[in-house]
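K.L.:
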Amino acid sequence: MKAPGANAPHTGEEGNSPLLVMKGIHKSFGENEVLKDIDFDLRAGEVHALLGENGAGKSTLMKILVGVHRPDAGEVLVAGVDVTDQSVQSKLGRGIAMIFQELSLLPNLTVAENLLIGREPRRPGWRINVRELRRQSQELLDTYDFPIQAGARVETLGFAQRQMIEIVKALASGARILVMDEPTSSLTVREEDKLFSIIDTLKARGIGIIYISHRMSEIFKISDRISVIKDGQLLPTQQTGQTDTRQIAEMMSRGGKAIDWDPVAIPTIAPDGFPALRVAGLRTGRKLRTGVDLTIAKGEIVGLAGLVGSGRSTFAKALFGLLPDAVGTVEVDGRPVKPGSPARAIAAGIGFVPEDRRGEGLVVDHGLAINMALPTLKKLRVGNGRFPMVLPNSADSLFSYMRDQLKIVCRSGRQRASELSGGNQQKVVVAKWLATDAQLLILDEPTSGVDVNAKEEMRLIVREAASKGMGVLLIASEMEELSRVADRIITMVDGSLGRTLPGGASETELRAALQADIDAKRKEAA
Amino acid sequence: MSNATQSTVSQPNPGSALLGRLLSPGPHVTYIIFIIIIGFFVIFAPNFATWGTAGAVGRITAVVTIMAVGMTFVIVCGEIDLSVGSHVSFAAMVVAMLLYNDVPGWIASPLVLLLGAGVGAINGIIVTKLRIPSFLVTLGMLSVLRGLALSFTGSMPVPIVDREYVEVLAGGTMLGIPAPIWWTLVTVVAGFYLLHMTVFGKRALATGGNTIAARFSGINTDLIRIIAFALCGVTASMAGLVLSARSAAGNPILGQGLELDVIAAVIIGGTSLFGGRGFILGSVVGAIFIGILGFGLIVMGLSTSIQEVVKGLIIIGAVSVNRK
Numbered sequence: 001m002k003a004p005g006a007n008a009p010h011t012g013e014e015g016n017s018p019l020l021v022m023k024g025i026h027k028s029f030g031e032n033e034v035l036k037d038i039d040f041d042l043r044a045g046e047v048h049a050l051l052g053e054n055g056a057g058k059s060t061l062m063k064i065l066v067g068v069h070r071p072d073a074g075e076v077l078v079a080g081v082d083v084t085d086q087s088v089q090s091k092l093g094r095g096i097a098m099i100f101q102e103l104s105l106l107p108n109l110t111v112a113e114n115l116l117i118g119r120e121p122r123r124p125g126w127r128i129n130v131r132e133l134r135r136q137s138q139e140l141l142d143t144y145d146f147p148i149q150a151g152a153r154v155e156t157l158g159f160a161q162r163q164m165i166e167i168v169k170a171l172a173s174g175a176r177i178l179v180m181d182e183p184t185s186s187l188t189v190r191e192e193d194k195l196f197s198i199i200d201t202l203k204a205r206g207i208g209i210i211y212i213s214h215r216m217s218e219i220f221k222i223s224d225r226i227s228v229i230k231d232g233q234l235l236p237t238q239q240t241g242q243t244d245t246r247q248i249a250e251m252m253s254r255g256g257k258a259i260d261w262d263p264v265a266i267p268t269i270a271p272d273g274f275p276a277l278r279v280a281g282l283r284t285g286r287k288l289r290t291g292v293d294l295t296i297a298k299g300e301i302v303g304l305a306g307l308v309g310s311g312r313s314t315f316a317k318a319l320f321g322l323l324p325d326a327v328g329t330v331e332v333d334g335r336p337v338k339p340g341s342p343a344r345a346i347a348a349g350i351g352f353v354p355e356d357r358r359g360e361g362l363v364v365d366h367g368l369a370i371n372m373a374l375p376t377l378k379k380l381r382v383g384n385g386r387f388p389m390v391l392p393n394s395a396d397s398l399f400s401y402m403r404d405q406l407k408i409v410c411r412s413g414r415q416r417a418s419e420l421s422g423g424n425q426q427k428v429v430v431a432k433w434l435a436t437d438a439q440l441l442i443l444d445e446p447t448s449g450v451d452v453n454a455k456e457e458m459r460l461i462v463r464e465a466a467s468k469g470m471g472v473l474l475i476a477s478e479m480e481e482l483s484r485v486a487d488r489i490i491t492m493v494d495g496s497l498g499r500t501l502p503g504g505a506s507e508t509e510l511r512a513a514l515q516a517d518i519d520a521k522r523k524e525a526a
Numbered sequence: 001m002s003n004a005t006q007s008t009v010s011q012p013n014p015g016s017a018l019l020g021r022l023l024s025p026g027p028h029v030t031y032i033i034f035i036i037i038i039g040f041f042v043i044f045a046p047n048f049a050t051w052g053t054a055g056a057v058g059r060i061t062a063v064v065t066i067m068a069v070g071m072t073f074v075i076v077c078g079e080i081d082l083s084v085g086s087h088v089s090f091a092a093m094v095v096a097m098l099l100y101n102d103v104p105g106w107i108a109s110p111l112v113l114l115l116g117a118g119v120g121a122i123n124g125i126i127v128t129k130l131r132i133p134s135f136l137v138t139l140g141m142l143s144v145l146r147g148l149a150l151s152f153t154g155s156m157p158v159p160i161v162d163r164e165y166v167e168v169l170a171g172g173t174m175l176g177i178p179a180p181i182w183w184t185l186v187t188v189v190a191g192f193y194l195l196h197m198t199v200f201g202k203r204a205l206a207t208g209g210n211t212i213a214a215r216f217s218g219i220n221t222d223l224i225r226i227i228a229f230a231l232c233g234v235t236a237s238m239a240g241l242v243l244s245a246r247s248a249a250g251n252p253i254l255g256q257g258l259e260l261d262v263i264a265a266v267i268i269g270g271t272s273l274f275g276g277r278g279f280i281l282g283s284v285v286g287a288i289f290i291g292i293l294g295f296g297l298i299v300m301g302l303s304t305s306i307q308e309v310v311k312g313l314i315i316i317g318a319v320s321v322n323r324k
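Given below as structure tokens:
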């Protein structure tokens, strides 16, 4: 069937005519039907948020949009023109561009070289006209009011600036439909605000944005409409103003009902005897120059609030012994641990869930059971660790126990870690440390790239573990998560701890406290 | 709502899964090529399918198999050791010199194995502590060991007259099985136990699979890699002992070019060149594959130079279906 608007790209009412229409999209990979009859549209100048659990079909739909995959049925209309079967290249020409989660810039080149790569202005003899290159790119940057120098090397820029460059690059090639996949995942609070104001500018210019994210707070902040993909089907699109977090979470969850959304009562455990962790004067060469003092009671969850690069991850790594130059006093349950060796830290009862799940937390090509058993291999030897032999089934029995405890969704312990969703992968990493009977669990961004319900589950798992007496140090960039999960929140700026806020402090309070600390630090430096 | 859930979780039907498994690269493809090549020799090489062949292949294969066991550990850790060929010559020269100077064989042999472990550990320490890629370090070590082996006697071979030594390592038989095969079996069993049944083996696999994640799980990945290089040194020295006993001399060019056969055997056996996946028994099959290939080409009467060409091409082909 030919689209009715195929010969008339611009219909009467400019404001209401959708920029993009995807109609009746079907896609199967082999036996597996990934998308079933999806109808999705995007208007000029709006932000349409797209949500769904990992594997629900979001990325497949976006890949069909940009032309990586072809749909088995259905059509894609851009401003009324059927572009269903066009390639990635010609779709770029039609104004569809994707801002990738992993940015695709070349860090060793300048901003100008990146912006006009492949289209550099020439001089006779195939030489690049460097001056013209820089002038044209600076003009582009200025058009969108992005405060970036065209001559700067990309590697010297922060993530937010790199993202701006990606956006300019897309706009320079004539993009009118932008797909943003988790754009804030590596941004600081300030950078986030910058991105949101950029998005506002783009909206005003009539550019349509498809915004993929797991972060509810930002979705409600910037989107106009929200669509949820579940099991390959698009649930009815909601106007952002007429729905709320709870409703969206319910739509997303597989069973149809969200996990209890009300905050659980925080158990107040009197710190009897030794604290789970006592740190005094922990310092490292570059980041933690002043030395950090911190005490975490048994059963207490302490949140660290701060910007990316504030030294939170460095502190976590120093605690876990990953930084050889760390010095200071670390005591776990009253026993001193000399910093500088992860093996010693583990033996003393520290567990560490690192920020980069796939790069640091898991051997993704290996099975789940062996991943989970890595820190506890010695205990899993035959005869309770007496004989120098590990049999595969000992790792399997550990795995099946943890699988029941943490409700890990998978086929078996032999399944590769790479095949699981983000949330389930994270559960495996957490289980690794629960198996060591850790006294102190350090969680660095435990819910990044994890969908809403998995986040809730993770919160319950952590709370459950804490209620059994484990101390938890939680690092999270999402203020909402800190305020919901932690019993006590401490800010961190430039490698030193700032003020302490009670658990449940609102996002606004947290942001204000953090900003005040940053300003104080600046004044101090000046 | 619930039936929608079920249909997405539905898995590909078993028929296509089986087909996918057969077509996906992996050791089983090697086994198929292996069988095809044996079939080819049985049909086209005169008198190939005999017990004599089996014995000869066994003897040729012994040395490569022993070395492949050690190499498997290094490759599993995501590293490579190019110095093993020179290492064989070096070990053979050292043991011949010791025997020549009337050191008894039962002292000389363990000493040489220990020396091999030491040299391997040096490789590992340079790789891990100075963070130099292993192929560069071991390429340098290849030259060092070759030079040392040549310099002991001004490149002259040293005869070995200790009959007991020759008997125990190469000449003798036990239960009708030649000594080199016994030593190979001992090495393979020890290697299998170490890689597949001990904490060290699991840690080596994790180190190769994702060094950072392994370190973040409390594994001393530097130590694991140093041990892997040391094991590789021990097996190369073991191979040097067997070869020196077989030729009744320490010859400084004894092990030349063996590194190609050994690395090919390991990769053909399904061990990932990028680390994290490895099978000792696969390496044994890989070594037998290389042995049969070499022997079959000799039996067919191809000249040594053409043999080299054919062997190289087949190894590239076999490795390419097995990469990753």
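Going down the list, the protein sequences come from chains A and B.
Read in my numbering, the first sequence has 479 at position 479, and its numbers run on one by one without any break.
Read in my numbering, the second sequence has 64 at position 64, and its numbers run on one by one without any break.
Glycine residues also receive a C-beta, built at the ideal position from the N, C-alpha and C atoms.
#1: By the criterion of Cβ-Cβ separation under 7 Å, what are the contact partners of F352(A) in chain B?
#2: Hey, V76(B) and G278(B) are a contact pair by Cβ (cut 8 Å); roughly how many whole angstroms apart?
#3: DSSP beta-bridge partners for T329(A)?
#4: Contact criterion: CB-CB distance below 7 Å. Does A206(B) meet it with respect to chain A?
#5: Hey, how far is the Cα of A369(A) from the Cα of S17(A)?
#6: Who pairs with V81(A) in a beta bridge, going by DSSP?
#7: Select from L319(A), G351(A), G422(A) the residue whose C-alpha is nearest the C-alpha of K338(A).
#8: Quick test of the definition: if touching needs 3 or more C-beta pairs under 8 Å, does the stretch 281-290 of chain B touch the stretch 61-70 of chain B?
#9: Have a look at R119(A) and I212(A) and give me their C-alpha separation to the nearest angstrom.
#10: Within this structure, are the beta carbons of I346(A) and P388(A) separated by less than 7 Å?
#11: Do you know how far the Cα of G275(B) is from the Cα of G273(A)?
#12: If we require 4 or more residues per run, which alpha helix (DSSP H) segments fall completely within the stretch 184-247 of chain B?
#13: Who are the neighbours of V188(B) on chain A, taking C-beta pairs under 9 Å?
#14: Ordered along the chain, which non-local residues of its own chain (more than five positions away) have a Cβ less than 8 Å from that of A265(A)?
#15: Taking Cβ positions only, does V266(B) come closer than 7 Å to chain A?
#16: DSSP three-state label for N384(A), please.
#17: Check this for me: beta carbons of V144(B) and S134(B), under 7 Å apart or not?
#18: Nearest chain B C-beta to A520(A) closer than 7 Å, yes or no?
#19: Please determine, among L441(A), R153(A), K36(A), the residue with the shortest C-alpha to C-alpha distance to I301(A).
#20: Beta carbon of G151(A), beta carbon of T184(A): below 7 Å?
#21: Using a Cβ-Cβ distance cut-off of 7 Å, determine whether H366(A) contacts chain B.
#22: Tell me the DSSP secondary structure of E13(A) in three-state form.
#23: Beta-carbon separation of L113(B) and V234(B) under 7 Å?
#24: For P336(A), which option in P342(A), A348(A), D325(A), A326(A) has the closest C-alpha, if you only look at C-alpha atoms?
#25: At a Cβ cut of 9 Å, what residues of the stretch 491-503 of chain A count as close to chain B, listed as they run along the chain?
#26: Taking a contact to mean a Cβ-Cβ separation below 7 Å, would you say G296(B) touches G208(B) in this structure?
#27: Going by C-alpha to C-alpha distance, which of H366(A), K221(A), E478(A) sits closest to A204(B)?
#28: Apart from the five residues on each side of it in sequence, which residues of its chain come closer than 6 Å, Cβ to Cβ, to L443(A)?
#29: Could you round the C-beta distance between I227(B) and F192(B) to whole angstroms and report it? I think they count as a contact, below 8 Å.
#30: Do the stretch 252-259 of chain B and the stretch 147-167 of chain B make contact, defined as three or more Cβ pairs closer than 8 Å?
#31: Just checking my contact of M238(B) with W183(B) at CB under 8 Å: how many whole Å lie between their CB atoms?
#32: Among the residues of its own chain, which have a CB less than 7 Å from the CB of Q239(A), if the five just before and after it don't count?
#33: List the endpoints of the continuous beta strand (DSSP E) containing A305(A).
#34: Quick check on W106(B): buried or exposed, where buried means 16 or more other Cβ atoms within 10 Å of its Cβ?
#35: Considering only DSSP beta bridges, list what T173(B) is partnered with.
#36: For L178(A), tell me which candidate among V327(A), A438(A), R131(A), G93(A) has the shortest Cα-Cα distance.
P.N.:
Let's see:
#1: Sequence index remark: in the first sequence, residue 352(A) carries index 352 (1-based). Residues of chain B passing the Cβ test: F216.
#2: Within the second sequence, the letter at position 76 stands for residue 76(B). Within the second sequence, the letter at position 278 stands for residue 278(B). So it is a contact: roughly 4 Å between Cβ atoms.
#3: The residue labelled residue 329(A) in the question sits at position 329 within the first sequence. Bridge partners of T329(A): A280(A).
#4: Residue mapping note: residue 206(B) aligns to position 206 of the second sequence, counting from 1. Output row for A206(B): interface = yes.
#5: In the first sequence, the residue the question calls residue 369(A) occupies position 369. In the first sequence, the residue the question calls residue 17(A) occupies position 17. Those two C-alpha atoms are separated by around 52 Å.
#6: By 1-based counting over the first sequence, the position of residue 81(A) is 81. V81(A) pairs with V78(A).
#7: Numbered from its first residue, the first sequence carries residue 338(A) at position 338. Looking at the Cα atoms, L319(A) is the closest of the given residues.
#8: yes
#9: The residue you call residue 119(A) lines up with position 119 of the first sequence. The residue you call residue 212(A) lines up with position 212 of the first sequence. Approximately 30 Å, taken between the alpha carbons.
#10: Position 346 of the first sequence holds residue 346(A). Position 388 of the first sequence holds residue 388(A). Taking 7 Å as the Cβ cut-off, I346(A) and P388(A) do not qualify as a contacting pair.
#11: As a first step, residue 273(A) must be located in the first sequence, where it is residue number 273. As a first step, residue 275(B) must be located in the second sequence, where it is residue number 275. Between G273(A) and G275(B), the C-alpha separation is close to 46 Å.
#12: 199-209, 211-216, 221-247
#13: In the second sequence, the residue the question calls residue 188(B) occupies position 188. Residues of chain A passing the Cβ test: none, with the nearest at roughly 17 Å.
#14: As a first step, residue 265(A) must be located in the first sequence, where it is residue number 265. Summary for A265(A): the model assigns pLDDT 46, below 50, so the residue's position carries little reliability; its value from the coordinates is reported in the next sentence. Contacts found: none.
#15: By one-based count along the second sequence, residue 266(B) stands at place 266. By this cut-off, V266(B) is not an interface position.
#16: The count along the first sequence starts at 1 and reaches residue 384(A) at position 384. N384(A) falls in the helix class under three-state DSSP.
#17: The residue you call residue 144(B) lines up with position 144 of the second sequence. The residue you call residue 134(B) lines up with position 134 of the second sequence. Against a cut-off of 7 Å, the Cβ pair of S134(B) and V144(B) comes out as no contact.
#18: One-based indexing of the first sequence puts residue 520(A) at position 520. A520(A) does not count as touching chain B.
#19: Here residue 301(A) refers to the residue found at position 301 when the first sequence is read from its first residue. The option with the nearest alpha carbon to I301(A) is L441(A).
#20: Reading the first sequence from its first residue, position 151 is the one you call residue 151(A). Reading the first sequence from its first residue, position 184 is the one you call residue 184(A). No, the pair does not count as a contact, with Cβ atoms beyond the cut-off.
#21: In the first sequence, the residue the question calls residue 366(A) occupies position 366. Judged by the 7 Å Cβ criterion, H366(A) is in contact with chain B.
#22: To locate residue 13(A), count along the first sequence from 1; it is residue 13. Any reading at E13(A) is ruled out, since the residue's pLDDT is 40, under 50, leaving its predicted position unreliable.
#23: Residue 113(B) sits at position 113 when you count from the first residue of the second sequence. Residue 234(B) sits at position 234 when you count from the first residue of the second sequence. Going by C-beta atoms, L113(B) is nearer than 7 Å to V234(B).
#24: Your numbering for residue 336(A) matches position 336 in the first sequence. Of the candidates P342(A), A348(A), D325(A), A326(A), the one whose C-alpha sits nearest the C-alpha of P336(A) is A348(A).
#25: none
#26: Start at 1 with the first residue of the second sequence, and residue 296(B) comes out as number 296. Start at 1 with the first residue of the second sequence, and residue 208(B) comes out as number 208. No, Cβ-Cβ distance for G296(B) and G208(B) is not below 7 Å.
#27: Position 204 of the second sequence, counted from the first residue, corresponds to residue 204(B). Nearest option by C-alpha distance: H366(A).
#28: Taking the first sequence and counting its residues from 1, one reaches residue 443(A) at position 443. V353, L474, listed in sequence order.
#29: Translated into positions along the second sequence, residue 227(B) becomes position 227. Translated into positions along the second sequence, residue 192(B) becomes position 192. At roughly 16 Å, the Cβ-Cβ gap does not stay under 8 Å, so I227(B) and F192(B) are not in contact.
#30: yes
#31: Here residue 238(B) refers to the residue found at position 238 of the second sequence. Here residue 183(B) refers to the residue found at position 183 of the second sequence. Between W183(B) and M238(B) the Cβ distance is about 7 Å, and since that is below 8 Å, they are a contact.
#32: As a first step, residue 239(A) is located in the first sequence; it is residue number 239 there, counting from the start. If we look at Q239(A) and ignore the five residues flanking it on each side, its Cβ neighbours are R225.
#33: Here the question's residue 305(A) lines up with position 305 in the first sequence. It spans 301-305 - the beta strand (DSSP E) in which A305(A) sits, taken as one unbroken run.
#34: The sequence position of residue 106(B) within the second sequence is 106, counting from 1. Under this definition W106(B) is an exposed residue.
#35: Here residue 173(B) corresponds to residue number 173 of the second sequence, with the count starting at 1. For T173(B), which the question treats as bridged, DSSP gives the partners P178(B).
#36: Here residue 178(A) refers to the residue found at position 178 when the first sequence is read from its first residue. Measuring from the Cα of L178(A), the nearest candidate turns out to be G93(A).
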